[in-house]
Amino acid sequence: VSWGPIENFAGFTFAKGQFASYAVESFQSLYLKAHYPLEYLVATVNNGGGFYRAEFYLQEARRHGAHIEAPCVNDGRTDTCLRPKNRIILGSGRISGIDIRVCRALEQERAQRGPFTSLGQFIDRMHRAEHPLSLDALLLLIRAGAFRFTGQPKRALLWEAHHRLGHKPQAAPSLSLFEEPVRAFSLPSLTHHALDEAYDQLELFGFSLGHPFDLFTGWQGKRSTSVKHWPRHIGETIQILGYLVAAKNSKTVKGEHMQFATFQEHDGQIFDTVHFPPTVKRYVLKDRGVYLLSGRVQDELGYLSLEVDDIERCPMIADPRYADSGLGHPVVQIPKRRAANPKSKRV
Numbered sequence: 624v625s626w627g628p629i630e631n632f633a634g635f636t637f638a639k640g641q642f643a644s645y646a647v648e649s650f651q652s653l654y655l656k657a658h659y660p661l662e663y664l665v666a667t668v669n670n671g672g673g674f675y676r677a678e679f680y681l682q683e684a685r686r687h688g689a690h691i692e693a694p695c696v697n698d699g700r701t702d703t704c705l706r707p708k709n710r711i712i713l714g715s716g717r718i719s720g721i722d723i724r725v726c727r728a729l730e731q732e733r734a735q736r737g738p739f740t741s742l743g744q745f746i747d748r749m750h751r752a753e754h755p756l757s758l759d760a761l762l763l764l765i766r767a768g769a770f771r772f773t774g775q776p777k778r779a780l781l782w783e784a785h786h787r788l789g790h791k792p793q794a795a796p797s798l799s800l801f802e803e804p805v806r807a808f809s810l811p812s813l814t815h816h817a818l819d820e821a822y823d824q825l826e827l828f829g830f831s832l833g834h835p836f837d838l839f840t841g842w843q844g845k846r847s848t849s850v851k852h853w854p855r856h857i858g859e860t861i862q863i864l865g866y867l868v869a870a871k872n873s874k875t876v877k878g879e880h881m882q883f884a885t886f887q888e889h890d891g892q893i894f895d896t897v898h899f900p901p902t903v904k905r906y907v908l909k910d911r912g913v914y915l916l917s918g919r920v921q922d923e924l925g926y927l928s929l930e931v932d933d934i935e936r937c938p939m940i941a942d943p944r945y946a947d948s949g950l951g952h953p954v955v956q957i958p959k960r961r962a963a964n965p966k967s968k969r970v
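The end of the sequence shown is residue 970 by the working numbering, with every number in the run present.
This is how it looks when you write it as structure tokens:
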């Protein structure tokens, strides 16, 4: 079963040197992933990923026992890093819109003078004449959770940042042997909920660090036949819930559009689907999200996949950060693409 599909590649015209180099690289990667899975996955994320988005390499790391954390000005780096006790800390360089020079400067400052003790001290140490700290960069770090070591709510930290840097351009402070006292203010209770955090992460990292199903609704209580039970349902029609990992567009010999996709179950199990032209004409699969898929379980050389007949996309939960704005819908949305067929239904 293992060598059968590989034998098909004998028909391709690969130079021996190229073939050998791919073989060596594949074996080395396989060894590293088998024996050092977390180190390998962190390196893959820092290298720009492979076929999948960074989100799914991190989810794979979570399945290997890793705890994924947001960037941190004290414990993180510009690149994503692996810390003791299987902690993976996202690199501050992954924050959308951040000036990478700020990330490198704070890492250098911390190496020279030790960890930061508060947001105020961070501003004092980083806001220098030669490299002033911009309010925009500071706000991005706060929203990304990089100051969670302070124990203060994000909104209180944002308020302090605006107070220190937001009124007008300030002359950068000169170096001092002693910390300057920061005026304390009494603020009302400022809370930050888990869903607020998830939408901040979605906006800044491109994905949430929580469970991918948590941003969607309408899937709870739906019947879903887990992949582990598929061997009992070969040739039968089942339905299953899955979060879209990747979708690949292709064409049949007649030039009709079809798709192949990979999904993740709620418990992390991965499964593949095939979408033939009749299905693609009705449902074009592109947007990230949680889907309810109906179709027949197929067995190809011992590998099970789902031949999809019907698709339903679960709606996203409204963005709570804008609940008081009267918008009534999330501001952060997964981009949509025009369907391959003008009459297609987009999901």
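Ideal Cβ placement from N, Cα and C applies to all residues, glycine included.
For clarity, every value in this text was computed on a predicted model and none was experimentally measured.
- With contacts defined by Cβ atoms closer than 8 Å, residue 704 and residue 665 form a contacting pair.
- A Cβ-Cβ contact shorter than 8 Å links residue 918 with residue 930.
- Boundaries of the beta strand (DSSP E) around residue 897: 893–898.
- DSSP places residue 753 outside both helix and strand once states are collapsed to three, so it counts as coil.
- Put simply, of 778, 876, 927, 673 the residue whose alpha carbon is nearest the alpha carbon of residue 893 is 927.
- The beta carbon of residue 859 lies closer than 8 Å to those of 919, 920 in the same chain, with the five residues before and after it left out.
- Close CB contacts of residue 668 within its chain, under the 8 Å cut and outside five residues either way in sequence, are with 677, 680, 681, 703 (chain order).
- Annotated as distal: residue 656 and residue 645, with beta-carbon spacing of 8 Å or more.
- Contact between residue 701 and residue 723 is confirmed by a C-beta separation of about 7 Å, below the 8 Å threshold.
- Taking each of 866, 712, 697, 890 in turn and checking the Cα distance to residue 661, the smallest one comes out for 712.
- Judged by their CB atoms, residue 896 and residue 886 are nearer to each other than the 8 Å cut-off.
- Here DSSP, grouped into helix, strand and coil, assigns residue 670 to coil.
- Counting other Cβ atoms within 10 Å of its Cβ, residue 846 stays below 16 and is therefore classed as exposed.
- Around the beta-carbon of residue 759, fewer than 16 other beta-carbon atoms lie within 10 Å, marking it exposed.
- Cβ-Cβ distances below 6 Å link residue 922 to 857 in the same chain, with the five nearest sequence neighbours on each side left out; the list follows chain order.
- The DSSP-derived three-state label of residue 767 is coil.
- In this structure, residue 729 sits away from residue 770, with a CB-CB distance that is not shorter than 8 Å.
- The Cβ atoms of residue 642 and residue 697 do not sit closer than 8 Å to each other.
- In chain order, 839, 841, 842, 913 place their CB closer than 6 Å to the CB of residue 937, counting only its own chain and leaving out the 5 sequence neighbours on each side.
- Of the residues 756, 775, 816, the one whose Cα lies closest to the Cα of residue 787 is 756.
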